[in-house]
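Engineer:
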Amino acid sequence: MHGNERVAAVFDQLADLLEIEDANPFRVRAYRNAARTVRALGRELSELRAEGRDLTTLPGIGKDLAEKIVEILDTGTTEALEELHRRVPAGLEDLLQVPGLGPKRVRALHAALAIDNLAGLREAAQAGRLRELGGFGAKTEQTILEAIAARRTEERRHLLVDAERQAEPLAAHLRDLAGVKQVVVAGSYRRGRETVGDLDVLVTARRGSAVMERFVGYPRVERVVSKGPTRSTVLLAGGLQVDLRLLPERAFGAALHYFTGSKAHNIQIRRLAQRQQLKINEYGVFRGDDRLTGKTEKSVFKAVGLPWIAPELREDGGEIDAAREGRLPRLVERRQLRGDLHVHSRNGDGRNTPAELASAARDAGLRYLAMTDRPPRTAGGIDTRRLRRQWGRIDVLNEELEGVTLLKGVEVEILRDGGLDLPDGLLADADLVVGVVCEDFGLNRARQTERILRAMDNPWFTVLAHPTGRLLLECDPYDMDVARVVRHAAERGCFLELNSQPRRLDLADVYCRMARDEGVLLVIDSDAREVNEIDYLRYGVQQARRGWLEAAHVANTRPLTALRKLIAAMRP
DNA sequence: GCCGTTTTCGGCCCGACTGTTTTCAGTCG
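Per the numbering used here, residue 105 is the first one in the first sequence, and the count goes up by one each step.
#1: In whole angstroms, give me the CA-to-CA distance for Pro129 and His189.
#2: To which residues of the same chain is Thr141 closer than 8 Å at the C-beta, ignoring the five residues directly before and after it?
#3: Please tell me whether Arg391 and Gln378 are closer than 9 Å, where the distance is taken between their beta carbons.
#4: Name the DSSP bridge partner or partners of Phe390?
#5: Look up Ser336 in the DSSP assignment and give the residues it is bridged to.
#6: Applying the criterion that 16 or more other CB atoms from any shown protein chain within 10 Å of the CB defines a buried residue, is Glu543 buried or exposed?
#7: Do Leu234 and Glu245 come within 9 Å of each other at the CB atom, strictly closer than that value?
#8: Which partner residues of Leu501 appear in the DSSP bridge assignment?
#9: Would you check if the distance between the CB atom of Asn502 and the CB atom of Val635 is smaller than 9 Å?
#10: Closer than 8 Å is the cut-off here; do at least three beta carbon pairs connect the region 279-292 with the region 308-327?
#11: Compare the C-alpha of Cys616 against each of Asp444, Leu432, Met674, Leu653 and name the closest.
#12: Among all the DSSP beta bridges, which residues are the ones paired with Ala632?
#13: For Glu123, I'd like the list of residues in its chain whose CB is within less than 7 Å of its CB, leaving aside the five on either flank, ordered along the chain.
#14: Okay, do the region 469-483 and the region 510-530 touch, 3+ Cβ pairs below 8 Å being the bar?
#15: CA-CA distance, Arg574 and Asp610?
#16: Within 10 Å of its beta-carbon, does Lys172 have 16 or more other beta-carbons around it, so buried, or fewer, so exposed?
#17: With a CB to CB cut of under 8 Å and the five nearest residues on each side skipped, what residues in its chain are close to His277?
#18: What residue range is occupied by the uninterrupted alpha helix (DSSP H) comprising Met560?
#19: Determine, using beta-carbon pairs with one atom in the region 331-342 and one in the region 368-376, whether at least three such pairs fall under 8 Å.
#20: Can you give me the start and stop residues for the alpha helix (DSSP H) that Thr364 sits inside?
#21: Pop quiz: Arg442 and Asn603 are said to be a contact at Cβ under 8 Å. What is the actual Cβ separation, rounded to whole angstroms?
#22: Counting pairs of Cβ atoms below 8 Å between the region 518-534 and the region 543-562, do you hit three or more?
#23: Name the DSSP bridge partner or partners of Ala229?
What follows is the structure in structure tokens.
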């Protein structure tokens, strides 16, 4: 662990330990807020520091935390944490991760039974000693044992695409019940985050509808965590947790806003309301005891003098100021994409022919599509004759195709030293060249950055595909100075890709926004291996929206002639 | 510990559900 993540982890640890010590809850929250700020930063703290930037200008970071950041960057920890660790055993932090155990109970366990780790907790629960403690009973003991047995001690996140495959059938199941009016999945799912922790389902229905029964009776429900008249929680097979909230119709908008979040966005909106003597909660907008509105989300924003803000922007990333000043972005939409510049056919590691892909692309509303297979390596080197043959066939195909044009592309590997593994003579004959890193992820930051910069300097280089190499929930991005790569792309005039594969979504939202700010054009590509994956473009678009991108910032919203001009301008 | 166009001190979100209370504390989101 390094850099920002290390800083955030130390702050989270400080928050946990302080909470166990019963410190001022607002002080605890300050640490958690700071951890979140650091994770969402999009820039390396070490770089900001090197640039002499005042860290206290970051939201939620004051003098004290700025000093601690510097200390953690230098030493990996902070004296405050070491000091706390001398008083609070490290194992207590693990206990906090057990569902149902919060700081109060952890402290009680430690004080009364000297329990300071998970093993000790399990032993005491099995021996039936927990129930002797005030506030604990046989049921709690049982729940704790089950949680430890199932290793349900840490939260798991799920890819947006996986969550969608659970959410949509569940929503349909609820809509099928007579009396149900609206079913919306809110939360980070609605904001289009690349991974989601759980689903928040909001439902309005006629009085007396058996919504909760319908919900907990859904066939994929594995366990009912809680069930009440307005709120229930279940765990689906596969581990996704779903909260359902049954709402009165007049509060639907307020609840939709509240449960869409993000938390940080909501706090800012409520603060704005407070200044106008208003109170906003999930039931509506209030002045004193008078309920002013709440039926629609738009009415909630309007009550605090703002236009409706797209869910993708609600991360407390400046969207409220932008809304107030009338400079919210006109976010890119899926229907504005006219092409896809990164697709694999049967000539590479895809499953369909170029003709099949072309017709699928046309059906998906696209006007151009680049075949970007990678020429196979053979014993005698790289087989470029096959690629040339494919390009020849594309010329023939384009004669026959109507409504869509195929482009002659190629995916080329960026070598360890930043060279490209195909000769310039071949690249020059392609309509576009997509560069990828597929080996040597472990280079150090300086070398990895230099490698990418050098590759971009090749005169035929067009797009840096999946620029940071991350695989969500599987593999962290390789260590690279993204800010420098973005600036270099701006100088060089080449594109950066936003890869729409749901496990990539690379570039991440914060870097999309950085690219936008630096004047770099992005390309939203499907990287499809089969016709169905062209649909993945919608995930890319949603991620782009989270990065504040408008159609003007996305190269493949341009007509083909305009796109060709952009590419020509990059070339000698 | 942070923050400030009502404040440099005094705020900082709060309601639902569970399991344990015998009228509510703790946890969670």
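Just so it is clear, CB atoms sit at the ideal spot from N, CA and C, and this is done for glycine as well.
Structural biologist: Let me lay it out:
#1: In the first sequence, residue 129 corresponds to position 25, counting from 1. In the first sequence, residue 189 corresponds to position 85, counting from 1. Approximately 19 Å, taken between the alpha carbons.
#2: Taking the first residue of the first sequence as 1, we reach residue 141 at position 37. If we look at Thr141 and ignore the five residues flanking it on each side, its Cβ neighbours are Leu162, Pro163, Gly164, Ile165.
#3: For the purposes of this step, residue 391 is taken as residue 287 along the first sequence, with counting starting at 1. For the purposes of this step, residue 378 is taken as residue 274 along the first sequence, with counting starting at 1. When the beta-carbon positions are compared, Arg391 and Gln378 stay at least 9 Å from each other.
#4: Numbered from its first residue, the first sequence carries residue 390 at position 286. DSSP, once it has assigned bridges, lists Lys383, Arg395 as partnering Phe390.
#5: Start at 1 with the first residue of the first sequence, and residue 336 comes out as number 232. Note: Ser336 sits in a beta bridge opposite Lys331, Leu348.
#6: The residue labelled residue 543 in the question sits at position 439 within the first sequence. Looking at its Cβ environment, which holds fewer than 16 other Cβ atoms inside 10 Å, Glu543 is exposed.
#7: Along the first sequence, one-based indexing puts residue 245 at 141. Along the first sequence, one-based indexing puts residue 234 at 130. For Glu245 and Leu234, yes; Cβs fall inside 9 Å.
#8: Here the question's residue 501 lines up with position 397 in the first sequence. According to DSSP, Leu501 bridges with nothing at all.
#9: Taking the first sequence and counting its residues from 1, one reaches residue 502 at position 398. Taking the first sequence and counting its residues from 1, one reaches residue 635 at position 531. Taking 9 Å as the Cβ cut-off, Asn502 and Val635 do not qualify as a contacting pair.
#10: yes
#11: As a working note, residue 616 is residue 512 in the first sequence. Taking only the C-alpha atoms, the option nearest Cys616 is Leu653.
#12: On the first sequence, residue 632 is found 528 positions in, with the first residue counted as 1. BP columns for Ala632 point to Val447.
#13: Stepping through the first sequence from its first residue, residue 123 is reached at position 19. Closer than 7 Å at the Cβ level, and outside the excluded window around Glu123, lie Val132, Pro207.
#14: They touch, by the three-pair rule.
#15: Taking the first residue of the first sequence as 1, we reach residue 574 at position 470. Taking the first residue of the first sequence as 1, we reach residue 610 at position 506. For Arg574 and Asp610, the distance between alpha carbons rounds to 7 Å.
#16: Residue mapping note: residue 172 aligns to position 68 of the first sequence, counting from 1. Flag for Lys172 reads buried.
#17: In the first sequence, counting from the first residue as 1, residue 277 sits at position 173. Correct list, in chain order: Arg318, Tyr322.
#18: As a working mapping, residue 560 is identified with position 456 in the first sequence. Residues 549-560.
#19: no
#20: What you label residue 364 is simply residue 260 of the first sequence in a count that begins at 1. For Thr364, the enclosing alpha helix (DSSP H) covers residues 356-364.
#21: Walking along the first sequence from the start, residue 442 turns up at place 338. Walking along the first sequence from the start, residue 603 turns up at place 499. Not really, about 18 Å apart at Cβ, beyond 8 Å.
#22: yes
#23: The sequence position of residue 229 within the first sequence is 125, counting from 1. In the DSSP output, where bridge partners are listed per residue, Ala229 has none listed.
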